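Sequence positions in the sequence shown follow our numbering and run 50 to 470.
Note that beta-carbon positions come from the ideal geometry of N, C-alpha and C, so glycine has one too.
Note that this is a predicted model, so its numbers are computed, not measured.
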Amino acid sequence: MLGKDKMLIMGGKPLMGEITVSGGKNTAVAVIPATLLSDEPSTIENLPDIEDVHALIEILNHLGVKTEYVPDQYLRVYPATLRDCNVPFDFTKRLRASYYLLGALLGRGGRAEVAYPGGCEIGSRPIDQHLKGFVALGATIEDRGGLVCARADRLTGADVFFDMVTVGATVNVMLAAARAQGTTVIYNAAKEPHIVDLANFLNSMGARIKGAGTDIIRITGRPSLHGTTYTVIPDQIETGTLMIAAAATRGDVTIHGCIPTHMESLTAKLLEMGVRVTQSDDSIRVRPQYEQRAVNIKTQVYPGFPTDLQQPMTALLCMANGTSTVCETIFEQRFKHLDELRRMGARIKLVDRTVLIEGVHEMYGAPVTVTDLRAGAALVVAGLMAKGITEIYETGYIDRGYERIEDKLCSLGADIRRETL
Numbered sequence: 050m051l052g053k054d055k056m057l058i059m060g061g062k063p064l065m066g067e068i069t070v071s072g073g074k075n076t077a078v079a080v081i082p083a084t085l086l087s088d089e090p091s092t093i094e095n096l097p098d099i100e101d102v103h104a105l106i107e108i109l110n111h112l113g114v115k116t117e118y119v120p121d122q123y124l125r126v127y128p129a130t131l132r133d134c135n136v137p138f139d140f141t142k143r144l145r146a147s148y149y150l151l152g153a154l155l156g157r158g159g160r161a162e163v164a165y166p167g168g169c170e171i172g173s174r175p176i177d178q179h180l181k182g183f184v185a186l187g188a189t190i191e192d193r194g195g196l197v198c199a200r201a202d203r204l205t206g207a208d209v210f211f212d213m214v215t216v217g218a219t220v221n222v223m224l225a226a227a228r229a230q231g232t233t234v235i236y237n238a239a240k241e242p243h244i245v246d247l248a249n250f251l252n253s254m255g256a257r258i259k260g261a262g263t264d265i266i267r268i269t270g271r272p273s274l275h276g277t278t279y280t281v282i283p284d285q286i287e288t289g290t291l292m293i294a295a296a297a298t299r300g301d302v303t304i305h306g307c308i309p310t311h312m313e314s315l316t317a318k319l320l321e322m323g324v325r326v327t328q329s330d331d332s333i334r335v336r337p338q339y340e341q342r343a344v345n346i347k348t349q350v351y352p353g354f355p356t357d358l359q360q361p362m363t364a365l366l367c368m369a370n371g372t373s374t375v376c377e378t379i380f381e382q383r384f385k386h387l388d389e390l391r392r393m394g395a396r397i398k399l400v401d402r403t404v405l406i407e408g409v410h411e412m413y414g415a416p417v418t419v420t421d422l423r424a425g426a427a428l429v430v431a432g433l434m435a436k437g438i439t440e441i442y443e444t445g446y447i448d449r450g451y452e453r454i455e456d457k458l459c460s461l462g463a464d465i466r467r468e469t470l
């Protein structure tokens, strides 16, 4: 997947026009495993056509599950053919969300064997809270040389107290508890939009989940779930990336098919910078403002500023007027893009987990290398606003989470092409 091509961006062109956002990556990677909780077929619509979705489909096929995938239309999953519960590292190394197979397989048949996940290297992301939740429900956990083996004769509802807010563990316990006997209550649950969307998906299968979007989620287990047809919500992070790209190029872009209320933390910061942002029920317009002010940002769990937008926002702030600070509280190594931005002329200093950014008047195209998904988005933003040509290598990371990003940006006036290496 990685290293097969490079992206070339001729910067300095303002983005203009209208664009429709894709379906949500973070919902997609949760609801695809969730289909295994029923024996009946389910159909998922509005899935983004991204590498993480492709990887999960391959995992389902490896487990014996039949699938029918029509990109940009639907994925139909036939879970009755499931014949295995072992997901080796050759599959899990491709995406972090492969660990959701633990909760789904455990919830369905009381047994799951899943290798520790891969994905982007952005810091320590232990799964201890996931396993703590499974144990509370009655599962036994064994580590067999990098393979997490979870077993339970019967999962029983329980109170699950997370030591910290964790999106992944919230999803996994929701999956495992949906068919457990009795009621499970998750305390200190994550509140992200895709947590709500997963709850809605499971409820459409017959689950009984209340409180999603708050810090306490109550799940009344059901002995069985049925198939469903479901449309996933728009991608919050793609929406934010497009908003940032429009601001970075001093463009005028209207983003359709989004949910503006999911973007409030980013919108507030763009307004603070002086960017003009207006919204309707399902669209956001970002309009040009020549002088953009420096701001201070601190990543937080939802509804705070999302860590997934920290890197693209850091790129935008490289040309803001004044000195900005960006404090990353979620992932301690989400700074690998900084050296690449420096290559392009950014003035950046990292102190512990805070980035100090002294705005410059110009940045310049340079050869840069992507180290993770959102770092890739940051380098695309930087390339769009830099003078000259930016060559971006390891673009496969970008394809993990953005659906044909260069096509979307080119439709708005960007000058981007890919070349095979």
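Just to confirm my understanding: we take residue i, look at its own chain, exclude 5 residues before and 5 after, and list those with CB closer than 6 Å. What are they?
i	result
Val209	Gly182, Ala185, Val222 and Ile235
Leu92	The question names Leu, but residue 92 is Thr in the sequence shown. If we look at Thr92 and ignore the five residues flanking it on each side, its Cβ neighbours are Tyr123, Arg125 and Thr278.
Gly168	Summary for Gly168: the model assigns pLDDT 47, below 50, so the residue's position carries little reliability, and this model does not support an answer.
Val197	Val163
Pro166	Thr141, Arg145, Ser147 and Tyr148
Pro120	Asp98
Glu94	Tyr123 and Thr280
Ile171	In this predicted model, Ile171 has a pLDDT of only 38, less than 50, meaning its place in the structure is not dependable enough to derive any value.
Lys457	Ile68
Pull up the CB-CB distance for residue i and residue j, whole angstroms please, since I reckon it's below 8 Å.
i	j	result
Leu131	Gly152	At roughly 15 Å, the Cβ-Cβ gap does not stay under 8 Å, so Leu131 and Gly152 are not in contact.
Asp54	Leu470	6 Å
Arg342	Met322	5 Å
Pro283	Val70	5 Å
Ile447	Ile438	With 8 Å as the limit, Ile447 and Ile438 do not qualify as a contact, their Cβ atoms being about 17 Å apart.
Ala426	Thr290	5 Å
Met292	Leu320	Between Leu320 and Met292 the Cβ distance is about 11 Å, and since that is not below 8 Å, they are no contact.
Taking 9 Å as the cut-off, decide whether the C-beta atoms of residue i and residue j are in contact.
i	j	result
Leu365	Glu389	no
Thr215	His179	yes
Arg200	Gly159	yes
Ala239	Ala248	no
Gly60	Leu433	yes
Ile68	Leu105	no
To the nearest angstrom, how far is the alpha carbon of residue i from that of residue j?
i	j	result
Thr403	Gly73	29 Å
Ala334	Leu64	Before going further, note that residue 334 is Arg rather than Ala in the sequence given. The alpha-carbon atoms of Arg334 and Leu64 are separated by roughly 12 Å.
Tyr351	Thr374	20 Å
Asp192	Ser329	50 Å
Cys134	Leu109	10 Å
Asp88	Asn252	16 Å
Pro90	Tyr127	4 Å
Ile346	Ala256	38 Å
Leu387	Ile268	42 Å
Thr327	Ala395	29 Å
Gly276	Thr84	8 Å
Pro355	Gln382	15 Å
Thr76	Arg391	34 Å
Ala317	Phe211	30 Å
Ala295	Arg336	8 Å
Ala424	Thr372	21 Å
Asp331	Leu405	34 Å
Ala463	Glu107	33 Å
Asp301	Asp177	45 Å
Glu287	Gly450	8 Å
Output needed for residue i: all residues of its chain with C-beta closer than 7 Å, excluding positions within five of it in sequence on either side, in chain order.
i	result
Ala207	Ala185, Leu186 and Thr233
Asp202	Gly159
Gln349	Thr378
In chain order, what residues of the same chain lie with their CB nearer than 8 Å to the CB of residue i, ignoring the 5 residues before and after it?
i	result
Leu204	Leu155, Gly156, Gly159, Leu186, Gly187, Ala188, Ala225, Ala226, Arg228, Ala229, Gln230 and Gly270
Cys459	Ile465
Ala369	Met322, Gln341, Arg342, Ala343, Val344, Ile406 and Gly408
His305	Glu67, Ile68, Thr69, Val70, Asp331 and Ser332
(request) Quick one: which unbroken alpha helix (DSSP H) runs of 4-plus residues sit fully inside the region 193-227? Chain order, please. (result) With a minimum length of 4 residues, the continuous alpha helix (DSSP H) runs that stay inside the region 193-227 are 216-226.
(request) At 4 residues or longer, and completely inside the region 84-153: list those alpha helix (DSSP H) runs for me, N to C. (result) Assignment of alpha helix (DSSP H) within the region 84-153, counting only whole runs of 4 or more residues, yields 100-111 and 138-141 in chain order.
(request) Quick one: which unbroken alpha helix (DSSP H) runs of 4-plus residues sit fully inside the region 316-389? Chain order, please. (result) Correct list: 359-366.
(request) Only counting runs of 3 or more residues, tell me where the beta strand (DSSP E) segments fall wholly within the region 393-431, in order along the chain. (result) Runs of the beta strand (DSSP E) spanning 3 or more residues and lying entirely within the region 393-431 occur at 396-400, 403-407 and 416-418, in chain order.
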